[in-house]
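Here is the structure we will look at, set down as structure tokens.
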Amino acid sequence: VTFDNFENSKYADGSYFDTYLNQEFAPKNARVKELFDGIFIPTKSDWTSLKENVMKYGLYHQNRLAVAPNGSISYINDTTASLHPIINRIEERQERKIGKIYYPAPYLSNETLPYYKSAYDTDMRKVIDTYAAAQQHVDQGMSLTLFMRSTIPAGLYEWKNGRTDKMTTRDLSILRNYAHYKGVKSIYYVRTFTDDASEVGANECESCSI
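Each step along the sequence shown adds one to the number in UniProt numbering, with nothing skipped, and position 45 is 45.
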């Protein structure tokens, strides 16, 4: 049994697997090898075998991977939401009836403190690049959020030089176009950190952040 219209899919003709057969995904950097020590990484031989089996026997599920934003769940599990960078070293969240709860970034300590950088101070193109790299291996659109300050830090985006330092729709258009160019399927929503230290677009969509 296969999913509907399997015979016309890239799985049926095997082309879906070409990316994994034409590239070598084994870690090359010593540090990366150390991080992946003990973690199984499929070889080209593994991918060839899988390709042959799928072409021969079919595939039941059309979509197999979907990365949710996991906003609230990530805090409970002491991790970051999806692939997003940390929001702040210590984030304040308003949790309805409970009130304010403060969440430190994962593994935050006096020793690691200098290495943490807020998403609001990060060039969003770097976040888009990360999502674009991951999106190649994920069936469904990933939950990419843009984090913007209402006053853009100096030097963060070169197109702001000589212009207003306030966030404008032009900034969002440039980033959206860049995301489209990189192959990102959609932008989830935009969180804005205002000059009075409040966040707009955060903690407002209950079903979106679960």
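Idealized CB from N, CA, C, for every residue including glycine.
Computed from a prediction, not measured in an experiment: that's the story for all the values here.
Item                                                                                                                                                                         : Value
Please confirm whether residue 230 and F147 have their CB atoms less than 9 angstroms apart.                                                                                 : Past the boundaries of the shown model lies residue 230; the chain is included only from 1 to 210, so the question cannot be answered.
Within its chain, find whatever has a CB closer than 7 angstroms to the CB of T130; leave out the 5 residues flanking it on each side and keep chain order.                  : L83
Counting only runs of 4+ residues fully inside the stretch 7-74, write out the alpha helix (DSSP H) ranges in chain order.                                                   : 10-13, 18-22, 30-35 and 44-57
Which same chain residues end up closer than 8 angstroms to K166 when comparing Cβ atoms and leaving out the 5 residues on each side of it in sequence?                      : S150, T151 and I152
Within a Cβ cutoff of 8 angstroms, which residues of the same chain sit near I128, ignoring the five residues on either side of it in sequence?                              : L144, L175, Y178, A179, K182 and V184
Can you check whether the CB of L59 is closer than 9 angstroms to the CB of Y11?                                                                                             : yes
Exposed or buried, K160, counting other C-beta atoms within 10 Å across all chains shown (16 or more means buried)?                                                          : buried
Short of 7 angstroms in beta carbon distance, which residues of its chain neighbour T80, apart from the five on each side in sequence? Order them along the chain.           : S74, I86 and P106
Taking only the alpha-carbon atoms, compute the straight-line gap between N70 and Q135 and give it to the nearest angstrom.                                                  : 17 angstroms
Beta-carbon within less than 7 angstroms of E92's beta-carbon, same chain only, minus the 5 sequence neighbours each way: which residues are those?                          : K100 and Y102
On a Cα-Cα basis, can you pick out the residue from H61, N77, L113 and L156 that is closest to N88?                                                                          : L113
Count the other C-beta atoms from every protein chain shown that fall within 10 angstroms of the C-beta of A154, then say buried if there are 16 or more, exposed otherwise. : exposed
Relative to the C-alpha of A66, which candidate in H137, V190, I187 and T164 has its C-alpha closest?                                                                        : H137
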